[in-house]
Amino acid sequence: MSFWPTRRSLLASLGGTAAVLAAPFPQTRAGEARAATGAKRFVVVYSGNGTIRDAWVPVGSSTSFTLGPILAPLAPFQSALTVIDGVDLYSGGAAGNPHHLGFGCALTGVDLVDGKYLDNQGNYYGSQGGPTVDQVIADALLPPTPFRSLEFGVQSGVLYGHTSMSKLSARGPTQLLPPDIDPYHVFDRVFGGSLTPEQLAVVRAEQASVLDFAWQDLARLVPKLSSEERVRLEVHMESVRSVETRLQTVGPACDPPDPGAPLDIWANDNFPVLAELQLELLAAALACDQTRIATFMFSESGSQTVYRWLGATAGHHDLSHMGDSDVESQDLLVATNAWVAERVASLAAALQAIPDGAGTLFDHTLIYWMNDLGVGNTHTLANVPAVLVGTASGAIPGGRFHTFEGRWHNDLLLSLCQAMDVDLDVFGNPEVNAGPLPL
Amino acid sequence: LCLLTLLFGCDRPEDDAGEPADGFAERSATRRLTVEEWQNTVVDLLGIEVDPSLLPADELTAGFPANVSASLSDLEVEATLAAAESAAAAATSDVELFLGCDPAERACVEAWAGPFLERAWRRPIEADERTSFLALTELGGTPADGVRLAVTGALVSGSFLYRPEVGGTPAGGRVALDGWQVASRLSYLLWRTMPDEILFEAARTEALSSPEQIEEQALRLLADPRGAEALASFHVDWLGLGSLPLLDRVPTPPPPQPLQSHPLLDLDAGLWDQTDAQGLTLPAGTFADGVLDTGAPAISSDTSDTEIYAHHGVELGSTFMLRGSLGADDPDASLGVTFLSGLPASNAWYRLERRPGEIYALESAGTDGACAAESTLSLDVTASIDFEIEVEATFSAVTIEARVWATGAPRPNLPQLVCVDDSFTRLTDGTVGVWSSGPGIKAWGDLLLQTSVPEEPFDFQPVAAAFVDGARSFLETWAADGARLDELLLADWAMANQTLAPYLGVEGVTGESWQRVTLPPERIGLLTQPLFLSVFAKPDQSSPILRGKAVREMLLCDVLLPPPPGVVTIAPDLDPSLTTRERFAEHVADPSCAACHQMIDPIGFGFEAFDQLGVYREFENGNLPVDASGEIVSGGDADGTFVDVRGLVEQLASSDEVRSCIVTHWYRYAAAHLEDPEAGDPALTAALDACTDETCRVEDIVRAIVTSDSFRFRAAHDGDTP
Numbered sequence: 156m157s158f159w160p161t162r163r164s165l166l167a168s169l170g171g172t173a174a175v176l177a178a179p180f181p182q183t184r185a186g187e188a189r190a191a192t193g194a195k196r197f198v199v200v201y202s203g204n205g206t207i208r209d210a211w212v213p214v215g216s217s218t219s220f221t222l223g224p225i226l227a228p229l230a231p232f233q234s235a236l237t238v239i240d241g242v243d244l245y246s247g248g249a250a251g252n253p254h255h256l257g258f259g260c261a262l263t264g265v266d267l268v269d270g271k272y273l274d275n276q277g278n279y280y281g282s283q284g285g286p287t288v289d290q291v292i293a294d295a296l297l298p299p300t301p302f303r304s305l306e307f308g309v310q311s312g313v314l315y316g317h318t319s320m321s322k323l324s325a326r327g328p329t330q331l332l333p334p335d336i337d338p339y340h341v342f343d344r345v346f347g348g349s350l351t352p353e354q355l356a357v358v359r360a361e362q363a364s365v366l367d368f369a370w371q372d373l374a375r376l377v378p379k380l381s382s383e384e385r386v387r388l389e390v391h392m393e394s395v396r397s398v399e400t401r402l403q404t405v406g407p408a409c410d411p412p413d414p415g416a417p418l419d420i421w422a423n424d425n426f427p428v429l430a431e432l433q434l435e436l437l438a439a440a441l442a443c444d445q446t447r448i449a450t451f452m453f454s455e456s457g458s459q460t461v462y463r464w465l466g467a468t469a470g471h472h473d474l475s476h477m478g479d480s481d482v483e484s485q486d487l488l489v490a491t492n493a494w495v496a497e498r499v500a501s502l503a504a505a506l507q508a509i510p511d512g513a514g515t516l517f518d519h520t521l522i523y524w525m526n527d528l529g530v531g532n533t534h535t536l537a538n539v540p541a542v543l544v545g546t547a548s549g550a551i552p553g554g555r556f557h558t559f560e561g562r563w564h565n566d567l568l569l570s571l572c573q574a575m576d577v578d579l580d581v582f583g584n585p586e587v588n589a590g591p592l593p594l
Numbered sequence: 259l260c261l262l263t264l265l266f267g268c269d270r271p272e273d274d275a276g277e278p279a280d281g282f283a284e285r286s287a288t289r290r291l292t293v294e295e296w297q298n299t300v301v302d303l304l305g306i307e308v309d310p311s312l313l314p315a316d317e318l319t320a321g322f323p324a325n326v327s328a329s330l331s332d333l334e335v336e337a338t339l340a341a342a343e344s345a346a347a348a349a350t351s352d353v354e355l356f357l358g359c360d361p362a363e364r365a366c367v368e369a370w371a372g373p374f375l376e377r378a379w380r381r382p383i384e385a386d387e388r389t390s391f392l393a394l395t396e397l398g399g400t401p402a403d404g405v406r407l408a409v410t411g412a413l414v415s416g417s418f419l420y421r422p423e424v425g426g427t428p429a430g431g432r433v434a435l436d437g438w439q440v441a442s443r444l445s446y447l448l449w450r451t452m453p454d455e456i457l458f459e460a461a462r463t464e465a466l467s468s469p470e471q472i473e474e475q476a477l478r479l480l481a482d483p484r485g486a487e488a489l490a491s492f493h494v495d496w497l498g499l500g501s502l503p504l505l506d507r508v509p510t511p512p513p514p515q516p517l518q519s520h521p522l523l524d525l526d527a528g529l530w531d532q533t534d535a536q537g538l539t540l541p542a543g544t545f546a547d548g549v550l551d552t553g554a555p556a557i558s559s560d561t562s563d564t565e566i567y568a569h570h571g572v573e574l575g576s577t578f579m580l581r582g583s584l585g586a587d588d589p590d591a592s593l594g595v596t597f598l599s600g601l602p603a604s605n606a607w608y609r610l611e612r613r614p615g616e617i618y619a620l621e622s623a624g625t626d627g628a629c630a631a632e633s634t635l636s637l638d639v640t641a642s643i644d645f646e647i648e649v650e651a652t653f654s655a656v657t658i659e660a661r662v663w664a665t666g667a668p669r670p671n672l673p674q675l676v677c678v679d680d681s682f683t684r685l686t687d688g689t690v691g692v693w694s695s696g697p698g699i700k701a702w703g704d705l706l707l708q709t710s711v712p713e714e715p716f717d718f719q720p721v722a723a724a725f726v727d728g729a730r731s732f733l734e735t736w737a738a739d740g741a742r743l744d745e746l747l748l749a750d751w752a753m754a755n756q757t758l759a760p761y762l763g764v765e766g767v768t769g770e771s772w773q774r775v776t777l778p779p780e781r782i783g784l785l786t787q788p789l790f791l792s793v794f795a796k797p798d799q800s801s802p803i804l805r806g807k808a809v810r811e812m813l814l815c816d817v818l819l820p821p822p823p824g825v826v827t828i829a830p831d832l833d834p835s836l837t838t839r840e841r842f843a844e845h846v847a848d849p850s851c852a853a854c855h856q857m858i859d860p861i862g863f864g865f866e867a868f869d870q871l872g873v874y875r876e877f878e879n880g881n882l883p884v885d886a887s888g889e890i891v892s893g894g895d896a897d898g899t900f901v902d903v904r905g906l907v908e909q910l911a912s913s914d915e916v917r918s919c920i921v922t923h924w925y926r927y928a929a930a931h932l933e934d935p936e937a938g939d940p941a942l943t944a945a946l947d948a949c950t951d952e953t954c955r956v957e958d959i960v961r962a963i964v965t966s967d968s969f970r971f972r973a974a975h976d977g978d979t980p
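Top line first, the protein sequences correspond to chains A and B.
Throughout, our numbering is defined as the position within the first sequence, counted from one, plus 155.
Throughout, our numbering is defined as the position within the second sequence, counted from one, plus 258.
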């Protein structure tokens, strides 16, 4: 059950303005509301617990190859697909458990900030040590969109909601950007819910005043704190300003997909439906130019989602620990990864259906489907499965299967930045950089 | 001590109230209210309950939610705004009642504003703060809107969301907290909510400066029901038990049941829902059970269009078997039996059928699933046939297996026709029916339907909620009884309601309210309550590793580090025919695993008599006997072997090591950081000294912590005004 108050329920409490509720909501169509920009879009899709290499690696040469069972659902997009083998997820060598390192360092390219927390499972853990690649790109491009980035998730935080293992993106050290795991809230937040522009204007003007009051209070408090603590509350102040500014500029955007009656966002068996809803909303957010940068998390690091709809009875993480000769478990893991591939393919297909500039939205988008591990039962961070879908307006050729040897993941992140027209020579820890990958 | 005072560059400071002081102070971390604290504070401030899922998730520090490190993102700021809006809208829905006067009169709002903001922010309010707060009350369309917006503003402000400990004058490298700050420390530590009016009054009158004054208030708070609730929360946090409702647990399946006879779908008994049976012949009293006799068909038709069907609901996870017979004397007739269909609502179906001039086959329509013949059927299409169709509907697929044979011939050993439909468009319930068209006489025998007993669909959410609430009720009752540490582990009682009782193995409990019950002999204390046992388990099986690790880390305060990066461990293949214990013995067989697992698994084995839902069992994995013996190694005075969970728990309860660990967790909770042996906070030493034998109570620990200097002072920093 989602408990986010809808703008409608909020408005119902406003008394004086409730009378306008009956006014029909003037829907605009996606194609009209969206500026047909042709600008580049960047999406990271995360799924975890490693892959099954034999079923993941394509067969063939770098330009002529057949996809294995896991990547087969992406075959319709093969000419825009870049399958990258031989990239090691290593960012300097901090201690920590492999999931945490694989997840928390993957997109920052630097070590975790020192693990000073002890979680309920008794693990020390740190937090992302720098900005993640999506935020680096957002900071460099400063897209003129209402949201500088959007973070989506499906049941992220079941096990690790109190730690950084459920939050992929970060603006800087410990400045985590938790995903929105509630499609019904996304609908309200990004697409203005079901209010008319007039109603929304009233609500948002009030919210801006309230937030300004909150900002003033923080501004009085911050100078009295120690310099170490000031940084943290200054980020809070920036967030308040950012929300306040956005509230003054955003109107109902365009015709979003209706998420329908709310489902329990934590029930394991709702996972497929929630994933579908969130992917639709992500595609719509890009289509409506609400943002150009997004991340999407299938659950979290160390996910224990039970893929019951594929026949699994054990949690994903447990399943990924089963031995190589456990054929049934291996088959289920192949099915699990292929299921994610189908979802990635559905996102690509949705983007392909949307005209954008000269071509479709898909033509201008780069999707990076990442994992926090290479293989689940060894916990290796070597040879992580890396797949790019889309070419970022031709910046990447596509239709390639690369077999690198021992290249750093940071090199891939650098390549992604360059494909997105971000002028960088080094990404993350300079010690773990060998230049961009020849994609 | 001397070194510490040197560090702060001063002599040993004088205590405000003149008592001997330990001279210690540390940097104050600006805590943001936890979800629970926010919720309780809003209840006390506004009398409004807001759903906690509105708020940003807590961040753990030293195992407890404290929110001292992460900053708030845009999304989280919006969450605090949404929560504040929701609370303010509810609180001011009757604004006159809320204010106690008419908001249209400005004097009313002005009289309310200052005292309200003082309570909300838990400190005296500056004139300019009051002015800008009053400015909010003038916004909105009506005076009531203004009050709502002002309440929203108060709740979304840093002074509400955080517990800042700023201001004061540094002396000797440290700053004495003022009475308001001490009041909040006490109320959030012991009640997890804002101070009450007694604490506020003590703050106003500077009656919270001496250790005695603080201790007196602390004892008052502990004795209050809110103190018992907060104590329950402490234990839920300490042991990491609160997440259960988000987890996925399924019961151990009962042994497979044989198919049960379903009431016969007797064609002449009028059990069919609906027919479209033009020309249908229904001769009464001439039917042989389930056997088509061409001389006395159960039902026959000579029209070209006949369709009759009955509804049969199929539960996921169920199996049903359809037996019957049919035949047509003309090879150009079509007929069949539909065993799962959308009819009459939709034209989707799976059926066994015979098309004109063709042989019998499984066919489907309206779904993407495919049906295939395993072998060719060489049957005389004009003879009557017997069939047997088994349908299994699981979460992921519908599987159909059919045997078809000439009436009177032997039943085939294997199904000849198989269809597996795992498409998203598969049918999962529907109707059973018979159908025909074309020339000649078509006939069917009675249909015999047999079903497996449908599994009760298991909804874990209410069970998980009962596990948590039952444990909390136990902890609150235990707290009200004096909160002796050993009783936590050794209690021979628990709290149960009708949902929890069966999982505890207690009979005769009815109703939803909590009542004290005596535990069956196989259970003892908090660690054998279903909550602990199910949190530390896999979705469908027990986990000696998770349970052993929990004891190791939370009761023995050991730190078990993961293998260093780069060490590749190959997971052993697990033999499903073994007991859980036998499968996990692999860890000790491999020397690279044994170093850690010998400390973990033999403790976890002690809980093996309880499955993933905490249900007691003597056998597992069919009929393999459970062995719950084990050993604690490298656990100081807790070491030793045991034969069952009672032995394990008694060893833990009598151990100084465990008692110290519990005290240490109280310190971590109060200080919002791990203990630092180098700094050597005297508060921890005092708490450990106050809790040295089995008579130790939570109260002893709390008194030591709140009367220490680190509870009343903070270190000076560069943001202080000298």
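Beta carbons are placed, not taken as given, at the ideal position from N, Cα and C, and that holds for glycine.
- Below the 9 Å Cβ cutoff, chain B contributes Val508, Pro797, Asp798 as neighbours of Thr468/A, in chain order.
- Looking at the DSSP output, Ala422/A sits in no beta bridge, so it has no partner there.
- For Arg781/B, same chain residues with a beta-carbon under 6 Å away, outside a window of 5 residues either side, do not exist.
- Burial state of Val214/A is exposed, judged by a 10 Å Cβ sphere holding fewer than 16 other Cβ atoms.
- For Ser344/B, the secondary structure class from DSSP, reduced to helix, strand or coil, is helix.
- Exclusion of the five residues before and after Cys366/B leaves Leu357, Cys359, Asp360 as the residues of its chain whose Cβ lies within less than 7 Å of its Cβ.
- Here Ala852/B is exposed. Its C-beta has fewer than 16 other C-beta atoms within 10 Å.
- Sixteen is the threshold: when 16 or more other Cβ atoms of the shown chains lie within 10 Å of the Cβ of Gly585/B, as they do, the residue is buried.
- When Cβ pairs closer than 8 Å are counted between the two stretches, the stretch 334–345 of chain B is seen to touch the stretch 307–317 of chain B, the count reaching three or more.
- Annotated as proximal: Asn755/B and Glu770/B, with beta-carbon spacing under 7 Å.
- DSSP places Asp243/A outside any alpha helix (DSSP H); the residue lies instead in the beta strand (DSSP E), whose first and last residues are 236–243.
- Secondary structure at Met575/A: coil, using DSSP grouped into helix, strand and coil.
- Within chain A, Arg344, Val398 have C-beta atoms less than 8 Å from the C-beta of Glu336/B, given in sequence order.
- Selection Leu226/A, Leu568/A, Lys379/A evaluated against Glu497/A yields Leu226/A as nearest (Cα-Cα).
- Chain-order list of chain A residues neighbouring Glu317/B: His317, by C-beta distance under 7 Å.
- Of the candidates Gln719/B, Ala795/B, Asp833/B, Val764/B, Ala795/B places its Cα closest to the Cα of Glu866/B.
- Against chain B, a Cβ distance below 8 Å from Pro213/A picks out nothing, because the smallest value is about 24 Å.
- Taking 7 Å as the cut-off, the Cβ atoms of Leu436/A and Val341/A count as close.
- For the stretch 420–450 of chain A, the beta-carbon criterion of a distance under 7 Å to any beta-carbon of chain B is satisfied by Trp421, Asn423.
- At the C-beta level, Gly862/B and Pro802/B come within 7 Å of one another.
- Residue-level contact by beta carbon holds for Ala369/A and chain B, with a gap shorter than 7 Å.
- Taking 7 Å as the CB threshold, Pro422/B lines the interface with chain A.
- As a beta-bridge residue in DSSP terms, Cys629/B pairs with Cys677/B.
- If you check the CB distance, His317/A and Asp316/B come in under 7 Å.
- Residue range 455–462 is occupied by the alpha helix (DSSP H) that includes Phe458/B.
- Under a 10 Å Cβ-count criterion, Ser892/B is classified as exposed, with fewer than 16 other Cβ atoms of the shown protein chains found around its own Cβ.
- Annotation: the continuous beta strand (DSSP E) that includes Met753/B extends over 751–754.
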